[in-house]
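In UniProt numbering, the protein residues as written are 1 to 326.
The beta carbon of each residue, even a glycine, is placed where N, CA and C say it ideally should be.
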């Protein structure tokens, strides 16, 4: 008998759409971090429309380490003293001292260079300990006037020319989607040394092409250019508009993803980001502005959908979890 990874319940609204609610055993707020294997199986089953109990084919598998790191691994495994020294070396922080200067002038940042697929291609990533077998890209996507959203695309390890496109948004508000890339579902994970990256064998780009966008502006590397007047107003509608415009820029830069199966996913406050984005995206599809988007589904992990409902549900949640008594 296989291990029980969780449970699910399906809700059907007439013949219009289906909602699956899943609970992952042992998963906290960030399920891909806490339970990476079940999370990968869950998203694969959702995308490929197979039962959630369908096991991952052939297991996740590892990519071989680069030769220089294979040697280091052999040394650390065979010599106890060397292993302790290497462990100490990898965990020691850099001796870099930075003094804060309150009188430092603010930097003015203009528009980024015009991006292109080839200009955004990552050809060397420092500290990677394994051989990368997929293409990946990073750059800026123009959104509303003066706003530029940073993205990182990791193409599929399977068949990038036919596998679906998966958009991932972290929540917050204010959490960078690079957190999702580097600590949850991306192919890279940082080692304790803060200098090298090891392989996440349960990366979601084993089932699709994954696009990480840092949103809204001023989150992570996303920013507002000084070439336009300052604007400090934030709201969910503006975020949705910028996300749709950034997606429009993405499809112009990567036209091979037009008409490809497309999924919108995210966690936490992305329970607001993803539905508002999807609603606006559907309108753009219907008015033919973005008719090339083949929207197939939406997945939200531990999302906050409404502050009012979140607060109202707290007493029941705490009671049935045994935190509070009657």
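Under the 10 Å beta carbon count, residue 140 is surrounded by 16 or more other beta carbons and is classified as buried. In this structure, residue 180 lies away from residue 191, with their beta-carbon atoms at least 9 Å apart. Here the alpha carbons of residue 157 and residue 321 stand approximately 40 Å from one another.
Partner residues in the beta bridge of residue 188, as assigned by DSSP, are 199. DSSP places residue 209 inside the beta strand (DSSP E), whose first and last residues are 209–213. Residue 43 is positioned such that its CB atom lies no closer than 9 Å to that of residue 240.
Excluding five sequence positions before and after residue 222, the CB atoms of its chain that fall closer than 6 Å to its own CB belong to 149, 150, 214, given in chain order.
In this structure, residue 175 lies away from residue 210, with their beta-carbon atoms at least 9 Å apart. In the structure shown, residue 237 adopts helical secondary structure according to DSSP, grouped into three states. Residue 180 carries a helical assignment under DSSP once its states are collapsed to helix, strand and coil. Distance between residue 189 and residue 199, taken at the CA atoms: about 6 Å. Pairing residue 39 with residue 27 gives a Cβ-Cβ distance under 9 Å. Boundaries of the beta strand (DSSP E) harbouring residue 263: 261–267, taken from the DSSP string. Annotated as distal: residue 285 and residue 277, with beta-carbon spacing of 9 Å or more. Note: residue 138 is bridge-paired with 152 in the DSSP secondary-structure output.
Note that the C-beta distance between residue 269 and residue 297 is not below 9 Å. In this structure, the CA atom of residue 162 is about 23 Å from the CA atom of residue 244.
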